[in-house]
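Q:
Residue numbers (the numbering used here): 373 to 469.
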């Protein structure tokens, strides 16, 4: 694997880890929401085990984002591009945490 020297570019393992944990956290959260709130497949999706899995993936997603944010925010701020969308996404993440 070739090392990249571009500021803000994640290594492949970190990119995969971040994407998988965010996707898994989102998927389990949606599954629990559908089962618990909307009673769609409640016997399967509304169970406590789905909520427990969501909690596990939420912790992993928080760790993944914590590993990315210091470098990524600094690089994005210095590039002076898409600041509004970046800060709005950061605000949404803070609300969700």
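For every residue, glycine included, the Cβ atom is placed at its ideal position computed from N, Cα and C. Remember, it's a predicted structure, so these values are computed and weren't measured experimentally.
Verify whether the separation of the beta carbon atoms of residue 418 and residue 401 is less than 7 Å.
A: Position 46 of the chain shown holds residue 418. Position 29 of the chain shown holds residue 401. The answer is no: Cβ separation not under 7 Å.
Q: Just to confirm before moving on: does the CB-CB distance between residue 448 and residue 458 stay below 7 Å?
A: Locating residue 448 in the chain shown gives position 76, where the first residue counts as 1. Locating residue 458 in the chain shown gives position 86, where the first residue counts as 1. Yes, Cβ-Cβ distance for residue 448 and residue 458 is below 7 Å.
Q: Just verifying my parser: in three-state terms, what is the DSSP assignment at residue 383?
A: As a first step, residue 383 is located in the chain shown; it is residue number 11 there, counting from the start. Residue 383: coil per DSSP, three-state reduction.
Q: Quick one: what does DSSP say residue 458 is sitting in, helix, strand or coil?
A: Position 86 of the chain shown, counting from 1, holds the residue named residue 458. Looking at residue 458 - three-state DSSP - the assignment turns out to be helix.
Q: What residues in its chain sit with their C-beta under 6 Å from that of residue 414, if we drop five residues either side in the sequence?
A: By 1-based counting over the chain shown, the position of residue 414 is 42. Here the set comprises 407.
Q: Hey, how far is the Cα of residue 389 from the Cα of residue 443?
A: Taking the chain shown and counting its residues from 1, the one referred to as residue 389 is at position 17. Taking the chain shown and counting its residues from 1, the one referred to as residue 443 is at position 71. So the alpha carbons of these two residues sit roughly 16 Å apart.
Q: Taking DSSP as the reference, what is the three-state secondary structure of residue 452?
A: Your numbering for residue 452 matches position 80 in the chain shown. Looking at residue 452 - three-state DSSP - the assignment turns out to be coil, as it is neither helix nor strand.
Q: Measuring straight from C-alpha to C-alpha, what distance separates residue 440 and residue 431?
A: Along the chain shown, read from residue 1 onward, the residue named residue 440 stands at position 68. Along the chain shown, read from residue 1 onward, the residue named residue 431 stands at position 59. If you take the alpha carbons of residue 440 and residue 431, they lie about 15 Å apart.
Q: Taking the straight line between their C-alpha atoms, what separation do you get for residue 427 and residue 433?
A: The sequence position of residue 427 within the chain shown is 55, counting from 1. The sequence position of residue 433 within the chain shown is 61, counting from 1. Going by the C-alpha atoms only, they are around 10 Å apart.
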